[in-house]
Amino acid sequence: MNSLFNSVRWRLQLWHALILLGVIAALCVLAYRLAVDDRRERIDRELESFERAFMRSFWDITSRRNKDGVPGGRDELRERFRSLADGAEFPLEMRDLFDPEATENIYIAFWDGNGQTLFRSANAPESLNCPKLPPPNPDPQARMRGTFRELVQSGPRGFRSLVGRDVSNDRV
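Per the numbering used here: the sequence shown = residues 2 to 173.
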């Protein structure tokens, strides 16, 4: 047995096997990281498109109620958000926002420049607070808060929106 490991050929094969094992392990780690990044980007796109669809529905619904046309100032915007009592007028995929039991689905919240809540979906986690004002940037800022993936976006006059969901079941 000792003579087996004294052979140059076996030592060389052992070194080749160790190098190959290292390369395979590195490729597996790379594939895992790429899968995690792809999953995160897909969730971010899903959250962003949900927020856009919510805002389109929100403006359609509140414009139908208020036939005056163009929204007025901040007070009218506050009233429009606060008038959202139930999800009956929203599309089916958004009605979970008004169901406190739908904690596995996407949630959404809006705050004004003073940090006052304009709208907070019923399925939003209890721990959700008004986010700090992100730096002026047209792109939403993605963040992880515990098991929640969230996109925070700032608008004019300190208006903030947050859309997120629990990703604990989506971890790769």
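Every residue, glycine too, gets a C-beta built ideally from N, C-alpha and C. Here the structure is a predicted model, which is why all the values come from computation and not from measurement.
*Comparing alpha-carbon positions, which option in R34, L98 and I44 lies nearest F59?*
L98
*Of the residues R96, N124, L152 and A110, the one placed nearest L48, counting alpha carbons only*: L152
*asked:* Distance check for F111 and Q117, CA to CA, integer angstroms please.
replied: 9 Å
*Tell me where the beta strand (DSSP E) around I107 begins and ends.*
Taken as a continuous stretch (DSSP letters only), I107 belongs to no beta strand (DSSP E), as it is neither H nor E.
*Taking DSSP as the reference, what is the three-state secondary structure of G159?*
helix
*By how many angstroms is the C-alpha of I107 removed from the C-alpha of F1?*
What is shown of the chain runs 2 to 173, which leaves residue 1 out entirely.
*Is R150 closer than 7 Å to V164 when the C-beta atoms are compared?*
no
*In whole angstroms, what separates the C-alpha of L134 from that of F120?*
17 Å
_Spatially closest choice to E105 from D113, S122, A89 and N115, by CA coordinates_ = S122
*Are P101 and N124 touching if we call contact CB-CB under 7 Å?*
yes
_Straight-line gap, R79 to R34 (C-alpha atoms, nearest Å)_ = 42 Å
*What is the DSSP secondary structure of F91, counted as helix, strand or coil?*
coil
*Which of helix, strand or coil does DSSP assign to V164?*
strand
_Rounded separation between A54 and L31 - CA only_ = 35 Å
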